[in-house]
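Here the structure is laid out as structure tokens; the discussion comes afterwards.
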Amino acid sequence: MTQPLTLGRVFRLALLSLGALIFLAPYIFMISTAGKDQSEIFSASLSLIPQHFAYMANFTKALTRVSMPNLLLNGVIVCGLILVLQVVVAVPCAYAMAKLKFGAARILMAAVMLGLLVPIHAAALPLYVAFDKLALLNSYTALVAPFSISVFGIFLFLQFFRAMPDDLIHAARLDGMSEAGIVARVIVPNAWPAVTAFAIFSVVAHWNDLFWPLIVVTNQSYATPPLGVLFFLAAEAGDDYGALMAATLIITLPLVIAFLLAQKRFVEGITMTGLKG
Amino acid sequence: MADIALPVSAVETAARREARIAWLLASPAIVLMLVFIVLPTIAVIVLGFTDFELGYGSFRFVGLENYADLISDRTFRRSLWNTTVYTAIVTPISIVLGLGIALLIESEPRGRNFFRTVYFLPVASLLVAMATVWQYLFHPSIGPLNTFLALFGIAGPNWLGASSTVLYGLSIIGIWQSVGFNMVLFMAGLTAIPRELYSAAEVDGAQSAIDRFRLVTWPMLGPTTLFVTTISVINSVKVFETVKTLTEGGPNKASEMLLFTIYQEGFVYLKVGYASAMTVVFLAILVVLMILQYRFLDRQVHYT
Amino acid sequence: MSVFGLRDIRKSFAGNAILKGVSLEAEAGEFIALVGPSGCGKSTLLRIAAGLDHADSGEIRIGGREVSQLRAADRNVAMVFQSYALYPHLTAGQNIAVPLAMRRLSSAQRLPFIGPMLPGQRRICADIQKQVAATAASLKIDHLLDRKPGQMSGGQRQRVALARAMVRDPGVFLMDEPLSNLDANLRVHARGEIVELHRRAGVPTLYVTHDQSEALSMADRVAVMIGGNLLQIAAPQTIYDDPDHVEVARFIGQPRINLLSTIRDARGMVQFGTLRLASSTSREGAANVTLGIRPEFVQLRAEGQGTLAARVERLEFLGSEVIVFARLSAIGDTVLAKVTPAEARGLVAGQAIGLDLDPSRIMLFAEDGHRLPSTPVSAAVRETVHG
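Residue numbers (my numbering), protein chains in the order written: chain D, 99 to 375; chain P, 155 to 458; chain F, 3 to 389.
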């Protein structure tokens, strides 16, 4: 269906395009500057196409000063572990709260609602002291453990499970499944939309988190991508923006590519988790 | 007796069995919740009444001394004020822009996916990394922004380097980063509005787009707007990444913000007790915001 | 001249013709039910009449005015929606006032805080309030005016939606399945109410429904729409007894009409069992035709009697009547007969019976679906024809 191009539509499209250009500007300049050498950057010209392509030089610098593969690998390990633990812990709990009768369900519900209020920033100080005492700083354990419980995950799954028909579970029980079997073979497969939505939310949140890794990690070998950027900034005393932009490009790319490949799911996931939260 | 007792106990056993399984399924979550949320939260409140410093063996309870110090602490007051200003700038602008863009995209059949992707891209990007790009964009002498302004003969400010502009610079980044998130929430809210309401509004004589917005869109978006507002405020109050990466609270504490100040006191100077008191204030702000939201939700936007 | 008219309305979506040239006229005070299976285009036609959709071509007249270029707001139509489309944030009273406020108050006068300070605003508002109260009283919903839609039952919401449509003097009432969200008991009650309101208002009404019993019981005339074509528009009795088209015959009537295919010979004679019909037609040659007869005109006979031999397949007991499903021995088609419980007494599945079709009630339809005039040929006449 094509609508006639009215004045109003032209105006709307122009407005949207201008806005889009402004929102994309950082990416455009990042890609452009990653290919410029020092002298060109300092000439402060607005031209987007580098005069001499310095991409090789800048990317080499970016890759040698901080171990990029190590950073990205840490990001993947930490986000992956957190996600798996969160789902494994939250799904059974949410199932029990939604579909089984037990005395603590109401207290647990209150705890979940209160837990939604407490961000990692609030619990960080005592946890830091505890990890310090246990000599666990600079470890994957320190990076992952505090996030193994996601009250938000419980809350999201709880709402999703409540909407599931009880008859589904009754039928599974009649078919002779154990409760654990019901969770694994009936609940989880049917909760897939909620799990993907939560996965996207969780990965975006923890891939981007700087606060907690900054606190518990001082050793570069455990650095996550955001920390890596900070280390790179610290190592780069001057204004070597070419190399910095190259590093930024490398480190931003994985999540951006994931987003572009599955953008519909991304937006759905963020919307779903956003609105439920 | 035995005839009657048998079924009763069978029901009881079944109920007890169900409760036992429920406990089993929920126990990992309960234990982890206790260890990583409940106990630390209690600890932080308790620590707020002590002079605990990491590295010193002993500590003592000092009552409300930390809180008294907070009131006279110029850095902390500066930090609270800056956070308020930052929130007051970022929240309304990112909400209005998010809503405006969502409305524009919804009313325009062409390029819907493209525009949604573009505006959402910052949400999916690594903020710390993109902050360094903004640092370059904002660079006083070689930054594209000031070079662009120079084309019109405007001498751009030293965005992140001057205490008069640093909050605006951080706010621009904050807005850029959060508009897309608000936009998709508003888009979800818009699609949930029944089409028939717009038809009814048209038949009822709401001719202009503004009339229909006032009669249908705005009231129907009430719950979404309230929610977006709360989450935007909370996210603004939690600003940390850009401060840490770009300004370290400077220059001259002009961009000192709540979480950064807590981080600085607690994890750099290791004054755990004092930082805990700050954290309690931070938590209190969050609690107040949530209470405000529920109040509004109860009174204003409950339709069904 | 009619007060509401649609002429040759055409509309297609993405190459699919939804409306294929629909014309319809309504006199002052006439109630027309537009009925058809889902997806036949009836709701699209209604939305086009309201100005919510635009036709590719065709004319729309309301109150003697050509309005097809006007927007919905300027057409002076009132519409009741299937979901009622009440504004959930406004009370019933405010909902009813919306069409008046939108028309009488300028956009400045409608502003909060500033509006009430503008000259004339208070007087108009008081006037609107009076009118809302009067309409509410006539619908007996005065006690609901301060409630929001979320606090009302389905039936109450439906009345508020009616009130919102009736509060001003529209050129035409458009109703889009307004009863389909009510439960069965309430629905029958609401039918009578809408007809009564319509009579009092005297405004032409176009009422879209997929429920034929609603259409037949409420309307002055019923318009049957199938596949984007308006096949027939006539009084309910005519639609039922004298359908113009085989699709109309098939759609209207519960249980549905018996349709049996047969052949018309070159002389225009149709023979079915021992039954003969003459179909006066200008067209020459033999052709396939469809013979239609409503179940109430199929009579049961004992085995060996009647024009057709059949075997009982099953019986459906409906209280005051019984539907007999009988398989014709000759061609294997199933014919439905609607009989009284007394007539059906003793019948069992598998039993052989005879059937008679009331010759004066048989209808013939050509291959393209159009009705063919036909007259039964009596035995005596048959002799002379043969002789």
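No residue lacks a Cβ here, since even glycine has one placed at the ideal position from N, Cα and C. Quick caveat, the model's predicted, so the values are computed rather than measured.
Kindly indicate if chain P contains any beta-carbon less than 8 angstroms away from that of residue i.
i	result
Ala80(F)	yes
Gln149(D)	no
Ser237(D)	no
Pro101(F)	yes
Asn172(D)	no
Trp396(D)	Residue 396(D) falls outside the range modelled here, since chain D spans only 99 to 375, and no answer is possible.
Cys191(D)	yes
Lys199(D)	yes
Gln257(D)	no
His56(F)	no
Leu232(D)	no
Arg105(F)	yes
His91(F)	yes
Met262(D)	no
Measure the C-alpha to C-alpha separation of residue i and residue j and round it to an integer number of angstroms.
i	j	result
Gly371(F)	Ile295(F)	15 angstroms
Arg225(F)	Ile235(F)	For clarity, residue 225(F) is Ala in the given sequence; the question names Arg instead. One C-alpha to the other measures close to 4 angstroms.
Ser182(F)	Gln84(F)	7 angstroms
Tyr428(P)	Thr204(P)	8 angstroms
Gly274(D)	His304(D)	39 angstroms
Phe461(P)	Leu224(P)	One cannot answer for residue 461(P) here, as it falls past the ends of chain P, which runs 155 to 458.
Ala246(F)	Ser45(F)	Inspection of the sequence shows that residue 246(F) is occupied by Asp rather than by Ala. The alpha-carbon atoms of Asp246(F) and Ser45(F) are separated by roughly 23 angstroms.
Asp358(F)	Arg303(F)	7 angstroms
Ile98(F)	Leu113(F)	18 angstroms
Ala192(F)	Lys199(D)	44 angstroms
Glu277(D)	Gly133(D)	58 angstroms
Ile147(D)	Asn306(D)	30 angstroms
Leu164(F)	Val82(F)	6 angstroms
Ile175(D)	Thr384(P)	32 angstroms
Val174(F)	Asn78(F)	7 angstroms
At a Cβ threshold of 8 angstroms, is residue i touching chain D?
i	result
Val277(P)	yes
Trp313(P)	no
Ser541(P)	One cannot answer for residue 541(P) here, as it falls past the ends of chain P, which runs 155 to 458.
Lys425(P)	no
Phe421(P)	yes
Apart from the five residues on each side of it in sequence, which residues of its chain come closer than 7 angstroms, Cβ to Cβ, to residue i?
i	result
Pro90(F)	Lys150, Pro151, Gly152
Pro238(F)	Leu218, Ala221, Val224
Phe414(P)	Phe394, Val397, Lys398, Gly403
Leu369(P)	Ala355, Ala360
His388(F)	Its pLDDT being 40, under 50, His388(F) is placed unreliably by the model, and nothing is read from it.
Pull up the CB-CB distance for residue i and residue j, whole angstroms please, since I reckon it's below 8 angstroms.
i	j	result
Phe299(D)	Gly367(D)	6 angstroms
Tyr209(F)	Ile34(F)	7 angstroms
Pro206(F)	Gly31(F)	7 angstroms
Asn336(P)	Val382(P)	5 angstroms
Gly230(F)	Leu21(F)	5 angstroms
Val198(P)	Ala208(D)	Incorrect: roughly 20 angstroms between the Cβ atoms, too far for contact.
Gly66(F)	Val5(F)	7 angstroms
Does chain F have any CB closer than 8 angstroms to the CB of residue i?
i	result
Leu281(P)	no
Val441(P)	no
Pro263(P)	no
Gln331(P)	no
Glu207(P)	no
Gly376(P)	yes
Leu351(P)	yes
Gly343(P)	no
With a threshold of 6 angstroms on Cβ separation, who are the neighbours of residue i within its own chain once the five nearest residues in sequence on each side are excluded?
i	result
Leu232(F)	Val24, Ala225
For residue i, I'd like the list of residues in its chain whose CB is within less than 8 angstroms of its CB, leaving aside the five on either flank, ordered along the chain.
i	result
Leu275(P)	Gly334
Leu202(D)	Per the sequence shown, the amino acid found at residue 202(D) is Ala instead of Leu. None.
Is there contact here, the segment 361–371 of chain F with the segment 320–330 of chain F, by at least three beta-carbon pairs under 8 angstroms?
no
Quick check: the segment 273–289 of chain D against the segment 227–247 of chain D, are at least 3 beta-carbon pairs closer than 8 angstroms?
no
Indicate whether the contact test is met: 3 or more Cβ pairs, each with one atom in the segment 174–182 of chain P and one in the segment 230–237 of chain D, closer than 8 angstroms.
no
If you pair each beta-carbon of the segment 284–293 of chain P with each one of the segment 121–135 of chain D, do three or more pairs fall below 8 angstroms?
yes
Count the CB pairs spanning the segment 210–217 of chain P and the segment 224–233 of chain D that are closer than 8 angstroms, and state whether there are at least three.
no
Inspect the CB distances between the segment 241–259 of chain P and the segment 441–448 of chain P and report whether three or more fall short of 8 angstroms.
no
Please confirm if the segment 258–265 of chain F is in contact with the segment 62–76 of chain F, defined as three or more CB-CB distances below 8 angstroms between the two stretches.
no
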